[in-house]
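Student: Chains as they are written, first to last, in our numbering: chain C, 1 to 242; chain B, 243 to 522.
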Amino acid sequence: MSRLRFDVAGGIGAFDLAVSLEIGDTPLVLVGPNGAGKTTLLLMLLGALRPSRGRVELDGEALFDSARGIDVAIEERGLGYVPQDYGLFPHMTVLGNVAFGLECRGRMSAAERRQRAFALLEALEVAPLAARYPRSLSGGEGQRVALARALASEPRALLLDEPLAALDASVRRQLRAFLPSRLASLDLPAIVVTHDPADAAAFGEDIAVIEAGRLVQRGTLGTLRARPASAFVAELAGAARD
Amino acid sequence: MRTRGGAALLRVLAAGAAYVMLAFLLLPIVALLLTTGWSDFVAGLRHPLVLPALRLSLVTTSISLVLVVVPGTALAWLLVRRPGALGQAIETAIELPVVIPPAVGGLALLLAFGRRGLLGASLERFGVTIPFTTLAVILAEVFVSAPFFVLAATVAFRRLDPTLMTVARSLGASPARAFFRIALPSTAPSLVSGAAMSWARSLGEFGATLMFAGNLRGRTQTLPLAVYTALESDLRAAQAIALVLVAMAFVLLMVLRRSAAASGGPALGFPPVRSPERMP
Chain C
1 MSRLRFDVAG GIGAFDLAVS LEIGDTPLVL VGPNGAGKTT LLLMLLGALR
51 PSRGRVELDG EALFDSARGI DVAIEERGLG YVPQDYGLFP HMTVLGNVAF
101 GLECRGRMSA AERRQRAFAL LEALEVAPLA ARYPRSLSGG EGQRVALARA
151 LASEPRALLL DEPLAALDAS VRRQLRAFLP SRLASLDLPA IVVTHDPADA
201 AAFGEDIAVI EAGRLVQRGT LGTLRARPAS AFVAELAGAA RD
Chain B
243 MRTRGGAALL RVLAAGAAYV MLAFLLLPIV ALLLTTGWSD FVAGLRHPLV
293 LPALRLSLVT TSISLVLVVV PGTALAWLLV RRPGALGQAI ETAIELPVVI
343 PPAVGGLALL LAFGRRGLLG ASLERFGVTI PFTTLAVILA EVFVSAPFFV
393 LAATVAFRRL DPTLMTVARS LGASPARAFF RIALPSTAPS LVSGAAMSWA
443 RSLGEFGATL MFAGNLRGRT QTLPLAVYTA LESDLRAAQA IALVLVAMAF
493 VLLMVLRRSA AASGGPALGF PPVRSPERMP
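(1) Based on Cα-Cα distance, which residue from C:Val171, C:Cys104, C:Arg182 and C:Leu21 lies nearest to Leu137 (chain C)?
(2) Once DSSP output is grouped into helix, strand and coil, what is the label at Phe512 (chain B)?
(3) Can you list, in chain order, the residues of its chain whose CB lies under 8 Å from that of Leu487 (chain B), leaving out five sequence neighbours each side?
(4) Looking at the secondary structure, which residues open and close the alpha helix (DSSP H) in which Ala130 (chain C) lies?
(5) So with CB distances below 8 Å, who are the chain C contacts of Ala415 (chain B)?
(6) At a CB-CB cut-off below 7 Å, which residues of chain C make contact with Leu406 (chain B)?
(7) Look up Tyr86 (chain C) in the DSSP assignment and say whether it is helix, strand or coil.
(8) Quick one: which residues of the region 290-323 of chain B get their C-beta closer than 7 Å to a C-beta of chain C? List them in chain order.
(9) Find the residues of chain B that neighbour Ala123 (chain C), judging by a C-beta separation of less than 8 Å, and give them in chain order.
(10) So, using beta-carbon positions, are Phe399 (chain B) and Val322 (chain B) closer together than 8 Å?
(11) Along the alpha helix (DSSP H) that carries Arg459 (chain B), what are the first and last residues, could you check?
(12) Applying the 10 Å Cβ sphere with the 16-neighbour rule, what's the burial state of Gln481 (chain B)?
(13) Applying the 10 Å Cβ sphere with the 16-neighbour rule, what's the burial state of Gln143 (chain C)?
(14) Closer than 8 Å, CB to CB, is Arg400 (chain B) near chain C or not?
(15) In the DSSP assignment, the alpha helix (DSSP H) including Gln115 (chain C) goes from what residue to what residue?
(16) Are Ala295 (chain B) and Ile424 (chain B) closer than 8 Å when you measure CB to CB?
(17) Can you list the residues of chain C that Arg411 (chain B) reaches, using a CB-CB cut of under 7 Å?
(18) What's the gap between the Cα of Phe374 (chain B) and the Cα of Leu307 (chain B)?
(19) Distance, Cα to Cα, Leu498 (chain B) vs Ile336 (chain B)?
(20) Can you check whether the C-beta of Ala111 (chain C) is within less than 8 Å of a C-beta belonging to chain B?
(21) By alpha-carbon positions, which one of B:Met490, B:Leu485, B:Thr302 and B:Ser501 ends up nearest to Thr277 (chain B)?
(22) Ignore the nearest five residues each way along the sequence and tell me which others in Arg516 (chain B)'s own chain have a CB closer than 8 Å to its CB.
(23) Output the distance between the C-alpha atoms of Thr429 (chain B) and Arg358 (chain B), rounded to the nearest integer angstrom.
(24) Is there a C-beta anywhere in chain B that falls below 8 Å from the one on Tyr133 (chain C)?
(25) I need the boundaries of the beta strand (DSSP E) containing Arg107 (chain C), first residue and last residue.
(26) In chain order, which beta strand (DSSP E) runs of at least 3 residues are fully inside the region 336-364 of chain B?
(27) So, are the CB atoms of Phe131 (chain C) and Tyr81 (chain C) less than 8 Å apart?
(28) Using a Cβ-Cβ distance cut-off of 8 Å, determine whether Ala48 (chain C) contacts chain E.
(29) So, for Pro514 (chain B): in the same chain, excluding its five sequence neighbours on each side, which residues have a beta-carbon less than 8 Å away from its beta-carbon?
(30) Distance, Cα to Cα, Val72 (chain C) vs Leu79 (chain C)?
(31) With 8 Å as the threshold, decide whether the Cβ of Met339 (chain B) is near any Cβ in chain C.
(32) Who are the Cβ neighbours of Ala378 (chain B) in its own chain at under 6 Å, not counting the five residues just before and after it?
(33) In chain C, what lies closer than 8 Å to Ser428 (chain B) by C-beta?
(34) Between Asp65 (chain C) and the rest of its own chain, which residues show a CB-CB distance below 7 Å, the 5 nearest in sequence each way excluded?
(35) From the DSSP output, read off the bridge partner residues of Leu21 (chain C).
(36) Should Pro33 (chain C) be flagged as near chain B, meaning a C-beta pair shorter than 8 Å?
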């Protein structure tokens, strides 16, 4: 069983962030108001931002440890990342974007890469878009392509930043049904950042709330609803009816 | 108080001023084209000044282009990735050669690399003399043209979404691979137009070259210097060279317009140098 465990701290702009969490095979939904430090936390796990102290551990292997001077480079961490606006490479086709993930990881022929990339697009039901360029994709399509690309590199854990935020209502409902089951089937530790109560409810049983850089509460939606630790949690749990 | 008649008058005056400006800008080019007949042009091209100058200009501007683009790309990348007070200072320093008069640049180059310059004595010890050689032509061109490329590249890299680089790295790309496969290709149109601007500046370089490299046929006499020299002996040769330079500039402008259309930026002229802040 895979496990992502971290305890990181760092001053980021206006406040200090200090969060300690452990995640198993079920996705963790990370919720918080805008500016709570959610994206910053993801970037620290990813290795794009350096915490001032703490540890990040994946399957018992230290990715970052300030005490031991360990700071594994982003490309060695094996964390799949889907940023808020998907971060698709604008000069590459959809297939090229996914193939890039394969190209960086393993030694395989170009033909094999294309085949694998195509299979990944098929699995996410976006294979017909293979030859298109990112700028011509809708939000929902972009999201699936970005996920296919992240999976191409065979990550050991997944970090998704606001995966549903940029989508309009109908696509959002569609992906709310699609993404969580897809994530659950991957058996990977995953963190899904959102500020939307309905998205939080759709993504899972395990919800962690951070406010101003601190972990306020963690539990199922039921727990949050029954014993909210803050006004924000109460409002969140109240709003997440479905 | 403004009246209807006043507004109309103002409109006429503004239009008049605009057309006068336009006429003034176009007239010299038109004069150049009209006063050079085909036979004059061909005769001018045969002048012994022309071919060596053309060859020298093409060779030196090609070399200076490479010397500008390769380290210039590295410098621009560094400036964008490591921002700070020092970076700001360096950026301002790089802009200097754009605004200082070329003749001053030439003098400065002499004072740096000349026989009695800062580095002159050390260079001489190794048997290297730079002033009044083809190398001096290349150095003068690099000096005056590099800022155009470095500034364009800095703007392009600053516009690049840093998230793309983070994603590329998370997919397993080394920093070098992320740079060559993501950063370079997605900023290519801006880099090409920066390189074209810089090359145009090299091609037209006159003042610094004259001061630092002199005007020696076949060795330091580039096309602009040849125009100047030919003016004293054979106007037709000067006109022929001028037309060749105009044609090159025109082709360049077309290339720039196409690459600007591709990248959505302005064809000529400086993009804003300081631009949006980056990821925290």
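Beta carbons: idealized from backbone N, C-alpha and C, even for Gly.
Tutor: So, from the listed chains and residues:
(1) Counted from its first residue, the first sequence places residue 137 (chain C) at position 137. Considering only alpha carbons, the answer is C:Val171.
(2) The sequence position of residue 512 (chain B) within the second sequence is 270, counting from 1. Residue placement at Phe512 (chain B) is poorly supported in this model, since its pLDDT is 43, which falls under 50; the coordinates are not used for a value here.
(3) Along the second sequence, one-based indexing puts residue 487 (chain B) at 245. Here the set comprises Leu445, Gly446, Leu465, Pro466 and Val469.
(4) Within the first sequence, the letter at position 130 stands for residue 130 (chain C). In the DSSP assignment, Ala130 (chain C) falls outside any alpha helix (DSSP H), carrying neither H nor E.
(5) Residue mapping note: residue 415 (chain B) aligns to position 173 of the second sequence, counting from 1. Result: Glu75, Phe100 and Cys104.
(6) Taking the first residue of the second sequence as position 1, residue 406 (chain B) is located at position 164. Near Leu406 (chain B) (Cβ distances below 7 Å), the residues of chain C are Gly87 and Phe89.
(7) Taking the first sequence and counting its residues from 1, one reaches residue 86 (chain C) at position 86. Reduced to three states, the DSSP call for Tyr86 (chain C) is coil.
(8) Within the region 290-323 of chain B, not one residue has a Cβ closer than 7 Å to any Cβ of chain C.
(9) One-based indexing of the first sequence puts residue 123 (chain C) at position 123. By Cβ distance, chain B contributes nothing, its closest Cβ being about 17 Å from Ala123 (chain C), past 8 Å.
(10) As a working note, residue 399 (chain B) is residue 157 in the second sequence. As a working note, residue 322 (chain B) is residue 80 in the second sequence. Yes, these two residues count as a Cβ contact at 8 Å.
(11) For this step, residue 459 (chain B) is matched to residue 217 along the second sequence. It is not in any alpha helix (DSSP H) - Arg459 (chain B) carries neither H nor E in the DSSP assignment.
(12) Indexing the second sequence from 1 puts residue 481 (chain B) at position 239. Counting Cβ neighbours within 10 Å, Gln481 (chain B) comes out buried, since at least 16 surround it.
(13) Reading the first sequence from its first residue, position 143 is the one you call residue 143 (chain C). With 16 or more Cβ atoms within 10 Å of its Cβ, Gln143 (chain C) is classed as buried.
(14) Locating residue 400 (chain B) in the second sequence gives position 158, where the first residue counts as 1. Not closer than 8 Å to any Cβ of chain C, the Cβ of Arg400 (chain B) fails to qualify, so no.
(15) Translated into the one-based positions of the first sequence, residue 115 (chain C) becomes position 115. It spans Ala110 to Ala123 - the alpha helix (DSSP H) in which Gln115 (chain C) sits, taken as one unbroken run.
(16) The residue given as residue 295 (chain B) occupies position 53 in the second sequence. The residue given as residue 424 (chain B) occupies position 182 in the second sequence. Result no, Cβ atoms of Ala295 (chain B) and Ile424 (chain B) do not sit closer than 8 Å.
(17) Indexing the second sequence from 1 puts residue 411 (chain B) at position 169. Those are Ile74 and Glu75, listed as they occur along chain C.
(18) By 1-based counting over the second sequence, the position of residue 374 (chain B) is 132. By 1-based counting over the second sequence, the position of residue 307 (chain B) is 65. About 20 Å.
(19) In the second sequence, the residue the question calls residue 498 (chain B) occupies position 256. In the second sequence, the residue the question calls residue 336 (chain B) occupies position 94. Distance between the alpha carbons of Leu498 (chain B) and Ile336 (chain B) is about 23 Å.
(20) As a working mapping, residue 111 (chain C) is identified with position 111 in the first sequence. Taking Cβ atoms only, chain B never reaches closer than 8 Å to Ala111 (chain C), which makes this a no.
(21) By 1-based counting over the second sequence, the position of residue 277 (chain B) is 35. Per the C-alpha coordinates, the member of B:Met490, B:Leu485, B:Thr302 and B:Ser501 positioned closest to Thr277 (chain B) is B:Leu485.
(22) By one-based count along the second sequence, residue 516 (chain B) stands at place 274. Residue confidence is low: Arg516 (chain B) scores 38 on pLDDT, short of 50, so the model does not pin down where it sits. Its coordinate-derived value is still stated next. Result list for Arg516 (chain B): empty, nothing under 8 Å.
(23) Start at 1 with the first residue of the second sequence, and residue 429 (chain B) comes out as number 187. Start at 1 with the first residue of the second sequence, and residue 358 (chain B) comes out as number 116. Looking at the two C-alpha atoms, the distance is approximately 42 Å.
(24) For the purposes of this step, residue 133 (chain C) is taken as the residue at position 133 of the first sequence. No, Tyr133 (chain C) lies away from the interface with chain B (no Cβ there is under 8 Å from its Cβ).
(25) In the first sequence, residue 107 (chain C) corresponds to position 107, counting from 1. No beta strand (DSSP E) contains Arg107 (chain C), which DSSP labels as neither H nor E.
(26) Those beta strand (DSSP E) runs which fall completely within the region 336-364 of chain B and span 3+ residues do not exist here.
(27) Within the first sequence, the letter at position 131 stands for residue 131 (chain C). Within the first sequence, the letter at position 81 stands for residue 81 (chain C). With the sequence shown as reference, residue 131 (chain C) is identified as Ala, and Phe is not the correct amino acid for it. Contact check for Ala131 (chain C) against Tyr81 (chain C) fails: the beta carbons are separated by 8 Å or more.
(28) Here chain E cannot be found, since the structure's protein chains are C and B.
(29) Counted from its first residue, the second sequence places residue 514 (chain B) at position 272. Unreliable placement is indicated for Pro514 (chain B), whose pLDDT of 38 sits below 50; the coordinate value is still reported in the next sentence. Once the five neighbours on either side are set aside, the close Cβ partners of Pro514 (chain B) are Val397.
(30) On the first sequence, residue 72 (chain C) is found 72 positions in, with the first residue counted as 1. On the first sequence, residue 79 (chain C) is found 79 positions in, with the first residue counted as 1. Cα to Cα, Val72 (chain C) sits roughly 11 Å from Leu79 (chain C).
(31) As a working note, residue 339 (chain B) is residue 97 in the second sequence. Reading the sequence as shown, one finds Pro at residue 339 (chain B) and not Met. Closer than 8 Å: no.
(32) Along the second sequence, one-based indexing puts residue 378 (chain B) at 136. Ile372, Phe454 and Ala455.
(33) Translated into positions along the second sequence, residue 428 (chain B) becomes position 186. Phe89, Pro90 and His91, listed in chain order.
(34) By one-based count along the first sequence, residue 65 (chain C) stands at place 65. Once the five neighbours on either side are set aside, the close Cβ partners of Asp65 (chain C) are Arg55.
(35) As a first step, residue 21 (chain C) must be located in the first sequence, where it is residue number 21. According to DSSP, which records beta bridges pairwise, Leu21 (chain C) is partnered with C:Phe6.
(36) Numbered from its first residue, the first sequence carries residue 33 (chain C) at position 33. No, Pro33 (chain C) lies away from the interface with chain B (no Cβ there is under 8 Å from its Cβ).
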